[in-house]
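Residue numbers (the working numbering): 64 to 663. Heads up, the beta-carbon is just placed ideally off N, CA and C, and yes, glycines get one too. Remember, it's a predicted structure, so these values are computed and weren't measured experimentally. Encoded as C-alpha cells, the structure appears first; notes follow it.
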C-alpha cells in the first residue's frame, strides 16, 4: 500500500501483462491478497486457496479496491451487497465506487430507504451513478492538479463549473431547454447532501479549511442555485406536464382484460411443480391483483410470505355484519384482505378475490417452492430467481398482450389509479367515503387532486360550463345556495341560435326541449316527430301545485329537480293528479311561476 501512495516501486503480479501496464486495472484478491488484473478475479476465485464467499465480479472488484485503498470511505455491508455487487463496472460505476463522498452519499440513501428492502439498492445505485456522471463532466470542464474527486471540487470557486456540469448532465439543448430536466432537479438536492457530507467529515476530522470551503459553497448555492438551475428545470417539467396528452384507459379494455384474466386464472395448472409453471402462475396473479386493486406495481410485487400469512379471512364483528346487505356479506365471506408496505412506509390494503385463493396457496406452499427451485431465503410471495421477485409491470404487459384490447399501452398501474381517481368525481361521495378511497389507494388528498385526478371533459362541458353561463347571463342571484348538479339552465342554452349537428337523436332532443312551454306539455308521436299534442294544465293540477309548493311560493324560491321528484311522489301517494306529469315539465312550470312572482 505504501508503494501505491508513493507512486513508485515494484508490485509483484500473479501474471505478467502482455501489453501496456495500467496500475488502476490491477488489485489484490480479497482472499489471498495476490495481485492480478480485475478481469481475472472471478476466474481466480475458483482456484484461490482462501475460498472467499463473493460470487459476483462486481463484489470481488469492490473488495479489491477497498483493500488497495482506492475506495477511501468504507461502504456499509448493505451497500456492498445490494448496490456495488450489481452496479455496472463501466467508467461511471468505477467513479461511483471510488469517490469518498459518493460512497458516503450511498450509505445515507441506503439508510434512508431501510424499510424498502426490495428497491433500496436500485434507488441508491441510480443516485450514485447520477452523481458520478456529474463528477466526470466536472473533470472534463475543469481539470485540476489535485486528486479529481468531489472533495476537491466542492468549493465556491468552482460554483460556475458545477452549474455547467449539472446542465451538461441534464443534456442541455440550449440556454433555455434541457432534454432531461429531472436530472438537474435531482442533482440540486444531491449536491447539497454531498456538501453537507464534506462539512460533517471536516468537523469530525477537525479540518477547518475544508469545512469553510463547503459552507461557502452551500451559501453560494442558496443565493444563485435557485435561478441558475432549479427554476429552469422546474419550468420545463411543468410545461411538459400540461403539454402532454393525458389519456385514461378505455373502460371496454379494462372489462376485456378482466375477462381474459378470469379465464386464464381458471385454466391454471396447479399440479405441475416446475419453475416455468410457477412463473406463469405468478404473472397471472400479479396482473389480476394490480388490475383489481389499482395498486402500485412496486407495492404488489414486494408482498412477503409473512404478509400473506397474516391476511384477514373474512372475520368481522357480528354487530357490523348485521348492518350489511346480502351482496356485501357475500363479498365479505368470499374475499380476503392483507396489509402490505406502501409508499413512504404506510400500510395499504390488498384485496384478494376468490379466484386468486387457489393460485396463492400454490405460490406460498413450501414444498411447491422447493420443487420449483425457489430459494428458501426468498421471503416474497411472487418470488423469482435468487432472492428477487418477478416484476409486476412485466406481468401486466403480458396480460395485456393476450387480451383483445384497443389501447393496451394505456393499461398501466399509474393510469388505472388515475382512472379510479377521476371516476370518483362522478359519484357524490361523502367525506368519509372519500377517505376510504384515499386509504385504499395509499396517498393523501393533495396527491389525489394534483397527481392522479384528471379533469373529466364531461364535467368541464357540463358543470363548469353552467357556472360560466350563469356569469355571462347575470343569473347568479337566482341560484343562490344551490349545487351545480341541481342547477338546470336549459333556458339559457336552448335558444334559437344553438344548433348541433351531432346526431339525429340529439337534434330531436333539442327540438323537444325548445318546444316545451310553461303552460303545456308536448306528447310527441314517435312515427311523426313534427306533430305534437299540447296538454293544458287543469285547475285541479294548479290547485295541487299551490298545496304542494305553498312554502316555496311564499318565499319565491326556485325548486331543485329533487324537490320536483319528491312532490310527484307525494302526489301519487295522496291520490292526486300531478304525478302524471314529467319532472322536467313540472320544474319549468314552477320556474315560470317563481320568475313572475319575482318580477311583481
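- For residue 90, the enclosing beta strand (DSSP E) starts and ends at 89-91.
- The Cβ-Cβ distance between residue 124 and residue 107 does not fall below 8 Å.
- Under the criterion of beta carbons closer than 8 Å, residue 413 and residue 358 qualify as touching, at roughly 6 Å.
- Relative to the Cα of residue 364, the nearest Cα in the group 430, 250, 450 and 313 belongs to 450.
- Taking a contact to require three or more Cβ pairs closer than 8 Å, the region 252-269 and the region 202-210 do not qualify as touching.
- Contiguous alpha helix (DSSP H) elements confined to the region 417-502 occur at 420-427, 429-434, 455-465 and 476-486, taking only those with 4 or more residues.
- Assigned with DSSP and collapsed to three states, residue 655 falls in helix.
- Where residue 301 is concerned, the enclosing alpha helix (DSSP H) starts and stops at 294-306.
- Non-local beta-carbon contacts of residue 467 in its own chain, meaning distances under 7 Å to residues more than five positions away in sequence, involve 319 in chain order.
- Membership of residue 401 in the beta strand (DSSP E) is indicated by the continuous run 399-404.
- Taking C-beta atoms as the reference points, residue 188 and residue 150 count as a pair closer than 8 Å.
- By alpha-carbon distance to residue 90, the top candidate from 645, 130 and 83 is 130.
- The Cβ atoms of residue 346 and residue 453 lie closer than 8 Å to each other.
- One alpha carbon belongs to residue 461, the other to residue 233, and they sit about 33 Å apart.
- In this structure residue 607 touches residue 639 by the C-beta definition: roughly 5 Å separates them, less than 8 Å.
- Between residue 649 and residue 619, the C-beta spacing is not below 8 Å.
- Three or more pairs of CB atoms, one per stretch, sit closer than 8 Å, so the region 415-423 contacts the region 335-353.
- Annotated as distal: residue 164 and residue 84, with beta-carbon spacing of 8 Å or more.
- In this structure, the straight-line span from the alpha carbon of residue 533 to that of residue 539 is close to 6 Å.
- Taking the Cβ atoms as the reference, residue 280 lies roughly 15 Å from residue 198, outside the contact range of under 8 Å.
- Annotated three-state conformation of residue 98 is strand, per DSSP.
- The criterion of a C-beta distance shorter than 8 Å is satisfied by residue 183 and residue 173.
- Between residue 398 and residue 415 the beta-carbon gap is near 6 Å, inside 8 Å, which marks them as a contact.
- If you draw a straight line from the Cα of residue 285 to the Cα of residue 490, it is about 46 Å long.
- In the DSSP annotation of this structure, the continuous segment of the beta strand (DSSP E) that includes residue 415 starts and ends at 410-415.
- Per DSSP, the beta-bridge partners of residue 237 are 240.
- DSSP places residue 178 outside any alpha helix (DSSP H), giving it a letter other than H or E.
- Of the candidates 264, 169 and 307, the residue whose Cα lies closest to the Cα of residue 253 is 169.
- Look at residue 309 here: in three-state DSSP terms it is coil, with no helix or strand label.
- Membership of residue 156 in the alpha helix (DSSP H) is indicated by the continuous run 154-161.
- Here the C-alpha atom of residue 110 lies approximately 14 Å from the C-alpha atom of residue 98.
- Taking C-beta atoms under 8 Å as the contact rule, residue 371 and residue 401 qualify, at a distance of about 6 Å.
- Counting along the chain, the unbroken alpha helix (DSSP H) around residue 340 starts and ends at 338-356.
- The closest CA to that of residue 112, considering only 141, 146 and 93, is found on 93.
- Excluding the 5 residues flanking it on each side, residue 231 has same chain C-beta neighbours closer than 6 Å at 200, in chain order.
- In this structure, residue 459 places its C-beta atom within 8 Å of the C-beta atom of residue 476.
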